[in-house]
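Asker:
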Amino acid sequence: MHFSIPPTIPLPALQARIDGKTKPPGSLGRLERLALQIGQLQQSLAPTLGQPHLLVFAGDHGAARAGVSAYPQEVTWQMVENFLAGGAAINVFARQNGLQLQIIDAGVAHHFGSRKGLVDAKIAFATHNFIEQAAMSVDDCQAAMARGATIARQLADAGCRVIGFGEMGIGNSAAAALLTHQLTGTPLPACVGRGTGLDDAGLARKQALLARAAERAALAPDAPALRVLAEFGGFEIAMMAGAMLAAAERRMLLLIDGFIVTSALLVAAAIAPAIGDYCVFCHRSAEPGHQAQLRALHAEPLLDLELRLGEGSGAALAWPLVRSAVAFLNEMASFESAGVSEQV
Numbered sequence: 001m002h003f004s005i006p007p008t009i010p011l012p013a014l015q016a017r018i019d020g021k022t023k024p025p026g027s028l029g030r031l032e033r034l035a036l037q038i039g040q041l042q043q044s045l046a047p048t049l050g051q052p053h054l055l056v057f058a059g060d061h062g063a064a065r066a067g068v069s070a071y072p073q074e075v076t077w078q079m080v081e082n083f084l085a086g087g088a089a090i091n092v093f094a095r096q097n098g099l100q101l102q103i104i105d106a107g108v109a110h111h112f113g114s115r116k117g118l119v120d121a122k123i124a125f126a127t128h129n130f131i132e133q134a135a136m137s138v139d140d141c142q143a144a145m146a147r148g149a150t151i152a153r154q155l156a157d158a159g160c161r162v163i164g165f166g167e168m169g170i171g172n173s174a175a176a177a178l179l180t181h182q183l184t185g186t187p188l189p190a191c192v193g194r195g196t197g198l199d200d201a202g203l204a205r206k207q208a209l210l211a212r213a214a215e216r217a218a219l220a221p222d223a224p225a226l227r228v229l230a231e232f233g234g235f236e237i238a239m240m241a242g243a244m245l246a247a248a249e250r251r252m253l254l255l256i257d258g259f260i261v262t263s264a265l266l267v268a269a270a271i272a273p274a275i276g277d278y279c280v281f282c283h284r285s286a287e288p289g290h291q292a293q294l295r296a297l298h299a300e301p302l303l304d305l306e307l308r309l310g311e312g313s314g315a316a317l318a319w320p321l322v323r324s325a326v327a328f329l330n331e332m333a334s335f336e337s338a339g340v341s342e343q344v
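First residue of the sequence shown: 1, per my numbering; consecutive thereafter.
(1) Specify the secondary structure class of Cys282 as computed by DSSP and reduced to three states.
(2) What residues are listed by DSSP as bridge partners for Ile123?
(3) Measuring CA to CA, which of Leu309, Ile151, Leu34 is closest to Ala325?
(4) If we require 4 or more residues per run, which alpha helix (DSSP H) segments fall completely within the stretch 10-44?
(5) If contact is defined by three or more beta carbon pairs under 8 angstroms, each pair taking one atom from either stretch, is the stretch 234-244 in contact with the stretch 156-169?
(6) Output yes or no for whether 8 angstroms exceeds the beta carbon distance between Leu266 and Gln293.
(7) What did DSSP end up calling Asp277 once you bin it into helix, strand or coil?
(8) Would you be able to state if there are at least three C-beta pairs under 8 angstroms between the stretch 79-99 and the stretch 173-192?
(9) Looking only at DSSP bridge pairs, what is Gly310 linked to?
(10) Under the assumption that Leu179 contacts Val108 (Cβ atoms under 8 angstroms), give the Cβ distance between them as a whole number of angstroms.
(11) Whose C-alpha, out of Met240, Ala158, Leu210, Phe3, is nearest the C-alpha of Gln133?
(12) Using CA coordinates, which residue listed in His181, Asp200, Leu245 is at the minimum distance from Leu219?
(13) Which residue's Cα is closest to the Cα of Lys147: Val68, Glu306, Ala243?
(14) Which residue wins for smallest C-alpha separation from His128, given the options Ala190, Gln78, Gly59, Ala158?
(15) Just the Cα atoms here: how many angstroms apart are Ile275 and Ile104?
(16) Taking just the CA atoms, how far does Leu36 sit from Leu14?
(17) Between the stretch 281-288 and the stretch 306-321, do at least 3 Cβ pairs fall closer than 8 angstroms?
(18) Report the rounded CA-to-CA distance for Asp257 versus Val322, giving the unit in angstroms.
(19) Looking only at C-alpha atoms, which of Val162, Ser69, Ala217, Gln73 sits nearest to Met136?
(20) Please report the straight-line C-alpha distance between Asp200 and Ala66, rounded to a whole angstrom.
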């Protein structure tokens with residue numbers, strides 16, 4: 001699967017425009033670097049953030065039946081119903097911050113029928129149990145990525161310039177831990193957290209089960225990212241990876257949430273390293289494996305709120321900061337226009 005992501009080209013005039021605003025140079029800190037990043041990826045001195053969407057990809061994992069989560073697998077489809085009813089945290093934050101929310105059924109073990117607000121992109125009714133066999137075939141993995149890419153391209157064609165990524169899937173923190181271990185070389189125990197709230201005994205069980213999965217697959221350290229994704233991933237993770245790659249091809253800004261979303265980005269970055277220039281890392285997750293991901297991607301997130309909910313909640317909460325970065329670039333007076341003396 002080939003994706004061609006355009007490089008971000010430095011615009012000296014953009015840095016001059018930022019420095020020329022009525023403020024001491026660099027005094028808006030991270031917002032200035034964010035404005036520079038967005039202007040460069042759009043190749044514009046006046047970037048726009050039109051029609052921002054937050055996509056929540058949902059999928060079930062066969063390993064959930066083996067006890068890697070504190071919650072039963074049925075919670076995935078029940079939470080999708082909660083999203084469709086407008087009652088989840090991400091619904092609240094998306095409404096509050098003006099993000100258009102779409103829920104994508106990538107592979108939930110439930111039949112929803114035709115529902116308003118739900119995109120039916122289902123590959124299958126859950127992945128296989130990766131403790132016993134590969135989570136999905138390479139063909140199904142590529143199909144999930146292709147469907148994610150199609151969703152992103154359709155949004156781009158409709159004028160969307162920003163996509164935030166969220167997910168829902170009982171067991172997907174286990175999948176993310178294995179992906180992180182394999183794609184970053186971090187020891188597996190350092191990648192495994194409590195997920196939805198496992199107690200000490202549950203965490204020990206999860207660690208033991210994931211060690212079995214890693215031993216079963218016996219992948220080489222340099223195994224191709226697509227193979228790693230097929231062994232351990234979920235349909236929602238694969239679909240996010242494809243959507244991220246296609247969105248970057250269209251010079252869209254990607255709002256990266258926490259641990260599970262960043263595991264999809266690890267796959268995307270292994271396929272097309274230039275994708276990192278298109279990403280805003282929205283928050284630092286309380287999941288320990290997220291630290292390994294951020295180190296591997298040389299990323300510094302905007303927020304650190306001890307979140308571990310998923311759903312794209314961190315992306316929605318960081319969105320006002322992204323808007324502020326573009327707003328000051330486009331609306332703030334310059335020293336020249338305001339008649340204010342510059343520093344000597």
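Even for Gly, the Cβ is constructed at its ideal location relative to N, Cα and C.
Answerer: With the structure as the only source:
(1) Locating residue 282 in the sequence shown gives position 282, where the first residue counts as 1. Cys282: coil per DSSP, three-state reduction.
(2) Locating residue 123 in the sequence shown gives position 123, where the first residue counts as 1. Paired residues: none, contrary to the question.
(3) On the sequence shown, position 325 is the one that residue 325 refers to. If we check each option's Cα against that of Ala325, Leu34 comes out closest.
(4) Here the runs fully enclosed are 12-19, 30-42.
(5) yes
(6) As a working note, residue 266 is residue 266 in the sequence shown. As a working note, residue 293 is residue 293 in the sequence shown. Cβ distance < 8 angstroms, so Leu266 and Gln293 count as in contact.
(7) The residue labelled residue 277 in the question sits at position 277 within the sequence shown. Three-state result, Asp277: helix.
(8) Touching, no.
(9) Mapped onto the sequence shown, residue 310 falls at position 310. Paired residue(s): none; Gly310 is not in a bridge.
(10) The sequence position of residue 179 within the sequence shown is 179, counting from 1. The sequence position of residue 108 within the sequence shown is 108, counting from 1. Between Val108 and Leu179 the Cβ distance is about 20 angstroms, and since that is not below 8 angstroms, they are no contact.
(11) Working through the sequence shown from its first residue, we reach residue 133 at position 133. With distances taken between Cα atoms, Gln133 lies closest to Leu210.
(12) Here residue 219 refers to the residue found at position 219 of the sequence shown. Considering only alpha carbons, the answer is His181.
(13) By 1-based counting over the sequence shown, the position of residue 147 is 147. Position check: residue 147 holds Arg in this sequence, whereas Lys was assumed. Ranking the options by Cα distance to Arg147, first place goes to Ala243.
(14) Locating residue 128 in the sequence shown gives position 128, where the first residue counts as 1. Of Ala190, Gln78, Gly59, Ala158, the residue nearest in Cα terms is Gly59.
(15) Within the sequence shown, residue 275 is the residue found at index 275, counting from 1. Within the sequence shown, residue 104 is the residue found at index 104, counting from 1. Going by the C-alpha atoms only, they are around 22 angstroms apart.
(16) The sequence position of residue 14 within the sequence shown is 14, counting from 1. The sequence position of residue 36 within the sequence shown is 36, counting from 1. Here the C-alpha atom of Leu14 lies approximately 7 angstroms from the C-alpha atom of Leu36.
(17) yes
(18) Start at 1 with the first residue of the sequence shown, and residue 257 comes out as number 257. Start at 1 with the first residue of the sequence shown, and residue 322 comes out as number 322. Going by the C-alpha atoms only, they are around 14 angstroms apart.
(19) Taking the first residue of the sequence shown as position 1, residue 136 is located at position 136. For Met136, the nearest C-alpha among the options comes from Ala217.
(20) To locate residue 200, count along the sequence shown from 1; it is residue 200. To locate residue 66, count along the sequence shown from 1; it is residue 66. Computed Cα separation, rounded: 17 angstroms.
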